[in-house]
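Protein chains: 2
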Amino acid sequence: MTYCVGLRLDRGLVFMSDTRTNAGVDNVSRYRKMFTWTQPDERVIVMMTAGNLATTQAVVSMLDERTKAPEERSPSILEVPTMFQAARTVGKVLRDVIRESAPSQGPDAESPFKATIILGGQIKGAPPRLFMIYPEGNFVEASEETPFFQIGETKYGRPILVRAYDPDMSFEAAVKLMMVSFDSTLKANLSVGLPLDLLLYETDSLAIKAQRRIEEDDPYFNLISDNWGEALKSAFASLPDYEI
Amino acid sequence: MTYCVGLRLDRGLVFMSDTRTNAGVDNVSRYRKMFTWTQPDERVIVMMTAGNLATTQAVVSMLDERTKAPEERSPSILEVPTMFQAARTVGKVLRDVIRESAPSQGPDAESPFKATIILGGQIKGAPPRLFMIYPEGNFVEASEETPFFQIGETKYGRPILVRAYDPDMSFEAAVKLMMVSFDSTLKANLSVGLPLDLLLYETDSLAIKAQRRIEEDDPYFNLISDNWGEALKSAFASLPDYEI
């Protein structure tokens, strides 16, 4: 399983992903699920993946044009003129990879090789955009009403996102929000695990603001994890009891 | 979908269930998912169901022996000597109902008519017990380490149960905990809906302590629902921001 969140703020975009993959509970590995394509002062594109690992790795390789010799590669994701076009490109590659691996059971067969992608970033000349791309290759964009996307094990970490998100929040508060959401998920689902990858993008900077790997011994994550339980209990205690 | 929780406290048992059932999003109905069998000063048995409605209704009817004329019925669940035996009885009925409706695809076929049950209560001479019964008819019992069971749409409402549950808590606080857990679930999943059924059982009373239906205009539920968001935000604000 996996947990990734992409968040749209007034001041930019925030991405966080875990790094655990598993086939069953005894075949657990660590893989990066966050990928970036950047050209300084021109574009920053961030992708996070959930789903079948063979599919998502193939998508990344195809986007990097690794079928070609290194000197002949010119990834189209570094050349498309808009984020919308980048989402279409990723969607097409994703759909093609899934179709290729799908067993020959006809077009309506449910493929076990599905994956879902969050794609966000900015290309010079247009505002930052954030998309969720489905296994079928189509996609939706984040908006004021739906300012964040989650993929993978989304449910445990959703209530705090819904309640505490504010489009005007600082990057510092947004990272805290992500950490609480991830902590709730990690505590509930063994197949989502540390370390976490964090990336911050500030609108119109056309460069990555910060990119960190949050390891198991990260003091801030552990502070949040330890204190969120107490803070929740205090919040709970602050409400009046039921009268029977 | 459905959401039901059974909670084991030092002082007794707490049950809560929603009442919404749906086939798709446009075929929504209201059905009771909490059922009781009682004999004053002798036994209180509470059952909550999640899953296929035809299955769960058939299970209740079979337990009530509605295949017989009213005057000939003597439900075995009112006669079994222990809660363990009650769980075995319910498990057998559940398994038989599912098997009967399952398409003839062989014993390993995945049945779409599955259901899961929480069964709790007390029979004179033994302590209260709480079970979760699987579609296969087998079951597990709540313990100090696993003091509550959830069935249906369990994930949104789980983090607060994990964090705020205390075996020593009062019934008043336990109902508050249930309300917060249900509110988080209702806010996230349209297929879980008000009204809610609440039942409290106090150890060794051998009678229902309280049984309420929480309707949409319930002032306490609305108080919790309105204030929990603010309490969560305050809890979130009380933690230090991340330093970039």
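Protein chains in written order, with the numbering used here: chain G, 119 to 362; chain B, 119 to 362.
Beta carbons: idealized from backbone N, C-alpha and C, even for Gly.
Computed from a predicted structure; not experimentally measured.
Counting C-beta atoms within 10 angstroms of its own C-beta, B/P313 has 16 or more neighbours from the protein chains shown and is therefore classed as buried.
Just so you know, the alpha carbons of G/S179 and G/A172 end up roughly 11 angstroms apart.
Put simply, of B/P199, B/F231 and B/R138 the residue whose alpha carbon is nearest the alpha carbon of B/Y149 is B/R138. Going by beta carbons, G/G275 and G/V164 fall outside the 8 angstroms limit. Below the 9 angstroms Cβ cutoff, chain G contributes no neighbours of B/K151, its closest Cβ being approximately 20 angstroms away. By the neighbour-count criterion, in which 16 or more other beta carbons inside 10 Å mark a residue as buried, B/T167 falls on the buried side. Residue-level contact check: B/S309 does not touch chain G, since none of the beta carbons of chain G fall below 8 angstroms from its beta carbon.
Looking at the backbone, the Cα of G/D182 and that of G/V143 are separated by about 31 angstroms.
Chain-order list of chain G residues neighbouring B/R126: empty, with the shortest C-beta distance near 18 angstroms, by a criterion of under 9 angstroms.
Residue environment: G/L279 is assigned as buried (16 or more neighbouring CB atoms within 10 Å of its CB, all protein chains considered).
Using a CB distance cut-off of 8 angstroms, B/I362 counts as an interface residue toward chain G. Look at G/W155: its C-beta is not under 8 angstroms from any C-beta on chain B. Note on G/P277: 16 or more other CB atoms within 10 angstroms of its CB, so buried under the neighbour-count rule. For G/G238, there is no enclosing alpha helix (DSSP H); the residue is found in the beta strand (DSSP E) stretching over A233 to I241. In the three-state reduction of the DSSP assignment, G/L312 falls in the coil class. A distance below 6 angstroms between beta-carbons, with the five flanking residues on each side excluded, links B/W155 to the following residues of its chain, in chain order: I163, I195 and L196.
Our two residues, G/N170 and G/D284, have alpha carbons roughly 32 angstroms apart in a direct line.
Residues of the region 133-146 of chain G that bring their beta carbon within less than 9 angstroms of a beta carbon in chain B are absent altogether. The three-state secondary structure of G/A353, taken from DSSP, is helix.
B/I236 is the residue among B/P265, B/D286, B/I236 and B/R129 whose C-alpha sits nearest the C-alpha of B/A205. The region 122-141 of chain B and the region 307-322 of chain B touch, with three or more beta-carbon pairs separated by less than 8 angstroms. Counting of Cβ neighbours within 10 angstroms places B/P253 among the buried residues, the total reaching 16 or more. Looking at the DSSP output, B/M296 shares a beta bridge with no other residue. Contact between G/E271 and G/N307 is confirmed by a C-beta separation of about 5 angstroms, below the 8 angstroms threshold.
Taking all protein chains shown into account, G/R184 has fewer than 16 neighbouring C-beta atoms within 10 Å of its C-beta and is therefore exposed. Contact annotation for B/A282 against chain G: L350, K351 and F354 [CB-CB distance below 7 angstroms, chain order]. Cβ atoms of B/S288 and B/V123 stay farther apart than 8 angstroms, at about 17 angstroms. In the DSSP assignment, G/A176 falls within the alpha helix (DSSP H) that extends over L171 to L181.
Per DSSP, reduced to three states, the secondary structure at G/R213 is helical. The beta carbon of B/F339 is closer than 7 angstroms to those of M297 and I332 in its chain, skipping five residues each way along the sequence.
Annotation for B/L279: the continuous alpha helix (DSSP H) segment containing it runs R276 to A282. Between B/L317 and B/I326, the gap from beta carbon to beta carbon is short of 8 angstroms. Going by C-alpha positions, B/V146 is about 30 angstroms away from G/A282. In chain order, R281 make up the part of chain B whose C-beta sits under 8 angstroms from the C-beta of G/G347.
Spatial neighbours of G/F257 in its own chain (CB-CB distance under 7 angstroms, excluding positions within 5 residues in sequence) are listed in chain order as A205, G209, F249, M250 and I251. G/V198: not part of any beta strand (DSSP E); DSSP gives it neither H nor E.
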